[in-house]
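Residue numbers (our numbering): 5 to 173.
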């Protein structure tokens, strides 16, 4: 299983659009794809018609139940899409509380990596859509991935975000 993270410490640069496009293309090519929404604004989830406020399970559950999360529990959190082979691990606004409540706990940066390892035989590719802030969610996404994709625009503030992202990595 390959894990890619789409991240930039600047909003509005195309992180979610890049995630959706890559996920859709890979699924159409026959790959089993999981897209993980780690942004509390849940744009990726909403893109696929997932009502974040009505969910009984989300990526938040993975953080709360760590380190005892089972493969079955991870799979229970997934939402299928209209495309074959394409699934979303949706976000909710509850993610916004993680930095405050769990950010300083030891091992908190590896929660997502450990959870994804439990379902590694279910997917060919995982694409993680990040929030535009360096916090526990982006740290988890970066720790879990093999490659980082940093979308940007050719404008001053977007390039500053790229510079911050490079320094972070």
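Yeah, the Cβ is synthetic: ideal placement off N, Cα and C, and Gly gets one too.
Query                                                                                                                                                                    : Result
Could I get the ranges of all uninterrupted beta strand (DSSP E) runs contained in the segment 20–49, with 3 residues as the minimum, in chain order?                    : 37–41
Going by beta-carbon coordinates alone, are residue 132 and residue 22 separated by less than 8 Å?                                                                       : no
Three or more C-beta pairs under 8 Å: does that hold for the segment 36–43 against the segment 138–146?                                                                  : yes
Here's the rule: buried if 16 or more other CB atoms are within 10 angstroms of the residue's CB, otherwise exposed. What is residue 170?                                : exposed
What span of residues does the alpha helix (DSSP H) with residue 170 cover, start to end?                                                                                : 160–172
Please list, in chain order, all residues of the same chain as residue 166 whose beta carbon is under 8 Å from its beta carbon, the five residues on each side excluded. : 12, 14, 154, 156
Put residue 66 into one of helix, strand or coil per three-state DSSP.                                                                                                   : helix
Return the CA-CA distance between residue 88 and residue 24, expressed in angstroms with no decimal places.                                                              : 14 Å
Spatial neighbours of residue 123 within its chain, please: C-beta separation below 7 Å, excluding the five flanking residues on both sides.                             : 75, 78, 79
Taking the alpha carbon of residue 38 as the reference point, which residue from 56, 46, 85 has its own alpha carbon closest?                                            : 85
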